[in-house]
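**Q** Those sequence lines, one after another, are chains X and V. The first sequence begins at 5 in my numbering and counts up one residue at a time. The second sequence begins at 342 in my numbering and counts up one residue at a time. The C-beta atom is built at its ideal place from N, Cα and C for all residues, glycine as well. Below you will find the structure I want to go over with you.
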Amino acid sequence: MNQKRKNTGEGDVIVETVSRLMVPFIQLFALYVIIHGAGGPGGGFQGGVIFAASFILLVIAFGIVDAGDRFPESINTGLFSLGVYIYAGIGLLCILLSYGVAQYLNYGFLPLPVHFEERRALGMDIVEIGIGITVMAVITSIFFNLVWKRESEGGREEE
Amino acid sequence: MKLISVSALLFVILLGALFIYVAADIPDFGDAYSAPNRYILLFSMDAAVELEDDLNQGVIPQRLMDKLEEKELPLPYEAKRGAGVLLFSLREEGIEEVEGSLNKGLFPGALKTEFEKIGVSLSDTVRVMKEEEDNWIIADKEEFIVRKEGDRLTIYDAGWDLMIEKGELYYPDEQKYYFVEKDGDTLNVYRYALIVRYIEEGHHETEVPNMVTYILADYRGYDTLGETTVIFTAGVSVILLLRRRARRPE
Numbered sequence: 005m006n007q008k009r010k011n012t013g014e015g016d017v018i019v020e021t022v023s024r025l026m027v028p029f030i031q032l033f034a035l036y037v038i039i040h041g042a043g044g045p046g047g048g049f050q051g052g053v054i055f056a057a058s059f060i061l062l063v064i065a066f067g068i069v070d071a072g073d074r075f076p077e078s079i080n081t082g083l084f085s086l087g088v089y090i091y092a093g094i095g096l097l098c099i100l101l102s103y104g105v106a107q108y109l110n111y112g113f114l115p116l117p118v119h120f121e122e123r124r125a126l127g128m129d130i131v132e133i134g135i136g137i138t139v140m141a142v143i144t145s146i147f148f149n150l151v152w153k154r155e156s157e158g159g160r161e162e163e
Numbered sequence: 342m343k344l345i346s347v348s349a350l351l352f353v354i355l356l357g358a359l360f361i362y363v364a365a366d367i368p369d370f371g372d373a374y375s376a377p378n379r380y381i382l383l384f385s386m387d388a389a390v391e392l393e394d395d396l397n398q399g400v401i402p403q404r405l406m407d408k409l410e411e412k413e414l415p416l417p418y419e420a421k422r423g424a425g426v427l428l429f430s431l432r433e434e435g436i437e438e439v440e441g442s443l444n445k446g447l448f449p450g451a452l453k454t455e456f457e458k459i460g461v462s463l464s465d466t467v468r469v470m471k472e473e474e475d476n477w478i479i480a481d482k483e484e485f486i487v488r489k490e491g492d493r494l495t496i497y498d499a500g501w502d503l504m505i506e507k508g509e510l511y512y513p514d515e516q517k518y519y520f521v522e523k524d525g526d527t528l529n530v531y532r533y534a535l536i537v538r539y540i541e542e543g544h545h546e547t548e549v550p551n552m553v554t555y556i557l558a559d560y561r562g563y564d565t566l567g568e569t570t571v572i573f574t575a576g577v578s579v580i581l582l583l584r585r586r587a588r589r590p591e
């Protein structure tokens, strides 16, 4: 037990409880910022960073090992490229589904059951989600990798 | 103090001075009607009565066409009377009186004081013409358009919009492209800046109320795709440099 505590952070009950309560709300707010980008301030970049902040809070409260188990690095690496694929794929879909009439990233030709202008708005929303996924994964990965290195080296010094 | 800290301080002061120098030239942020945001001045030419008559009838005068052709610009085919820079708007209680005297062809005194506030002094021989419903023209050395928009009267600089044809320059519809304005004895020809199209048409074209979002994700979609790729590349570089496999602390 004592050994586990040493590797998994402070183990403070208040910090753990508060962050366990806060994380869902931070993530919900991040999703709100991404989706709300069309109607007000916000968008993919900002929402992605807020989402990444919730994982950083997890690392601060539970330590790198527990947080890493909750959000494995292998999935994170996949999410890196998933966001860019969504963005570039939407652009390519516009060309393919209009049989070559539309230009790349012309969202008006997506096969959605609304009229031209509204398709552009929905296409923008999908693209913002892609941006959000990439930004979230990259910021989280940078933080995890920096912290991981430091903790593993510190652990070896103790031995 | 060390030499390096002194030089760092000087560098920061230099950067600050440079920033202030650059920022002094930036137009007021968010002011859609400031001249640098709205128009690009192409050239000026001497005004003549027959030019104005042609423009009022919707015909492009040959001299103007020649000049545009000389500069290898796209040629317009129709002129329409259009509103330029927004000068001011009236929304007090007394606008019914102002409207009434405009309808009778008289120049109201309330408008004259408002014009003096922005530094335009009009002579006594001002003519008021009713163009359409809720649309008047005040003609003096310069011309102004008064429009009723909702519960207020808005006064614009008057001019002519020159339209280019459908299909020219990849525009899917006919499009206003030049703006001609009479300024004393000269006729200034402006081109609408691209940002004017974003501001005026973006909301109808994309159904998104937020101007920042539709420019970022739609009109400048390629740019944002590139930005996302830059962030992706940063993440990949961090993985290559920092990730250590199988170094999990036991």
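Run through the region 344–417 of chain V for me and flag every whole beta strand (DSSP E) of 3 or more residues, listed as ranges in chain order.
**A** Complete beta strand (DSSP E) runs here, min 3: 380–387.
**Q** 8 Å is my cut-off, CB to CB: does X:F66 come that close to chain V?
**A** No, X:F66 does not count as interfacial toward chain V.
**Q** Quick one: is V:R538 near chain X, going by C-beta distance under 8 Å?
**A** With 8 Å as the cut-off, V:R538 does not count as an interface residue toward chain X.
**Q** As a quick exercise: from X:D73, X:L109 and X:G72, pick the residue whose alpha carbon is nearest that of X:Y89.
**A** Checked all of X:D73, X:L109 and X:G72; the closest Cα to X:Y89 is X:L109.
**Q** CA-CA distance, V:E473 and V:N444?
**A** C-alpha separation (whole angstroms): 11 Å.
**Q** Against X:F55, what residues of chain V qualify as contacts under a CB-to-CB distance less than 8 Å, listed in chain order?
**A** Neighbours of X:F55 on chain V: none; closest Cβ ~14 Å, over 8 Å.
**Q** Can you find a C-beta in chain X that's less than 8 Å from the C-beta of V:N444?
**A** So, not an interface residue.
**Q** What do you get for V:A610, buried or exposed, if any count of 16 or more other CB atoms within 10 angstroms of its CB means buried?
**A** No answer is possible for residue 610 of chain V: the residues shown for chain V start at 342 and end at 591.
**Q** At which residues does the beta strand (DSSP E) containing X:V27 begin and terminate?
**A** That residue, X:V27, is in no beta strand (DSSP E); its alpha helix (DSSP H) goes V17 to I39.
**Q** Do three or more CB pairs link the region 120–128 of chain X to the region 538–554 of chain V at distances below 8 Å?
**A** Yes: at least three Cβ pairs fall under 8 Å.
**Q** What three-state label does DSSP hand V:S430 in the structure shown?
**A** Strand at V:S430.
**Q** What distance in whole Å lies between the Cβ atoms of V:D481 and V:L463, which are believed to be in contact at a cut-off of 8 Å?
**A** At roughly 5 Å, the Cβ-Cβ gap stays under 8 Å, so V:L463 and V:D481 are in contact.
**Q** Once the 5 residues before and after V:I381 are set aside, which same chain residues still bring their CB inside 6 Å of it?
**A** Result list for V:I381: R532 and A534, in chain order.
**Q** Report yes if the CB atom of V:A558 is closer than 8 Å to the CB atom of X:V37, and no otherwise.
**A** No. Outside cutoff.
**Q** Counting Cβ pairs, one atom from each stretch, are 3 or more of them under 8 Å apart for the region 133–141 of chain X and the region 40–59 of chain X?
**A** Judged by Cβ distances under 8 Å, the region 133–141 of chain X makes contact with the region 40–59 of chain X, as three or more pairs qualify.
**Q** Under 9 Å Cβ-Cβ, which residues of chain X neighbour V:Y555?
**A** Here the neighbours are A42, R124, A125 and M128.
**Q** For X:R160, is the classification buried or exposed, using 16 other Cβ atoms within 10 angstroms of its Cβ as the cut-off for buried?
**A** For X:R160, the predicted model reports a pLDDT of 49, less than 50, meaning its position is unreliable; a value from the coordinates is still stated below. Per the 10 Å Cβ criterion, exposed.
**Q** Of all Cβ atoms in chain V, is any one closer than 8 Å to the Cβ of X:Y89?
**A** Chain V contact via Cβ: absent.
**Q** Between X:G47 and V:E568, what straight-line distance do the alpha-carbon atoms span, to the nearest angstrom?
**A** If you take the alpha carbons of X:G47 and V:E568, they lie about 14 Å apart.
**Q** Using 8 Å as the limit for Cβ to Cβ distance, is V:L583 near chain X?
**A** For V:L583, the answer is yes, since a Cβ of chain X falls inside 8 Å of its Cβ.
**Q** The beta strand (DSSP E) with V:I479 in it runs from where to where?
**A** First-last of the beta strand (DSSP E) with V:I479: N476 to A480.
**Q** Please list, in chain order, all residues of the same chain as X:M26 whose beta carbon is under 7 Å from its beta carbon, the five residues on each side excluded.
**A** Here the set comprises L61.
**Q** So, using beta-carbon positions, are V:N529 and V:S385 closer together than 8 Å?
**A** Yes.
**Q** How about V:K471 and V:E440: do their beta carbons lie closer than 8 Å?
**A** No, Cβ-Cβ distance for V:K471 and V:E440 is not below 8 Å.
**Q** Answer with buried or exposed for V:L447, where buried requires no fewer than 16 other C-beta atoms within 10 angstroms of its C-beta.
**A** V:L447 is exposed by the Cβ-count criterion.
**Q** Taking the straight line between their C-alpha atoms, what separation do you get for X:F49 and X:G136?
**A** In a straight line, the C-alpha of X:F49 is about 6 Å away from that of X:G136.
**Q** Tell me, please, whether the CB atom of V:P513 is closer than 8 Å to any CB atom in chain X?
**A** Not one chain X Cβ lies under 8 Å of V:P513.
**Q** Using the rule of at least 16 other Cβ atoms within 10 Å of the residue's Cβ for burial, across every protein chain shown, is V:D475 buried or exposed?
**A** By the neighbour-count rule (16 or more Cβ atoms within 10 Å), V:D475 is not buried but exposed.
**Q** Say whether the region 426–435 of chain V touches the region 410–418 of chain V, bearing in mind that this needs 3 or more beta-carbon pairs closer than 8 Å, one atom from each stretch.
**A** The region 426–435 of chain V vs the region 410–418 of chain V: no contact.
**Q** Is the CB of V:V521 under 8 Å away from at least one CB in chain X?
**A** For V:V521, the answer is no, since every Cβ of chain X falls outside 8 Å of its Cβ.
**Q** Report yes if the CB atom of V:Y518 is closer than 8 Å to the CB atom of V:I505, and no otherwise.
**A** Cβ distance < 8 Å, so V:Y518 and V:I505 count as in contact.
**Q** Can you tell which of V:K523, V:H544, V:L355 and V:P417 has the C-alpha that lies nearest to the C-alpha of X:G43?
**A** With distances taken between Cα atoms, X:G43 lies closest to V:H544.
**Q** Could you check if V:F573 is buried or exposed, using at least 16 other CB atoms within 10 Å of its CB as the buried criterion?
**A** Looking at its Cβ environment, which holds 16 or more other Cβ atoms inside 10 Å, V:F573 is buried.
**Q** Per DSSP, which residues does V:G500 bridge with? Please list them.
**A** DSSP lists V:G423 as partners of V:G500.
**Q** Which residues in the same chain have their Cβ closer than 7 Å to the Cβ of V:V487, if we skip the five residues on either side of it in sequence?
**A** Hits under 7 Å: L443, W477, I479, L494 and I496.
**Q** The region 134–152 of chain X: which residues have C-beta closer than 8 Å to a C-beta of chain V, in chain order?
**A** Going along the region 134–152 of chain X in chain order, one finds G134, I135, T138, V139, A141, V142, S145, I146, N149, L150 and W152 with a Cβ nearer than 8 Å to chain V.
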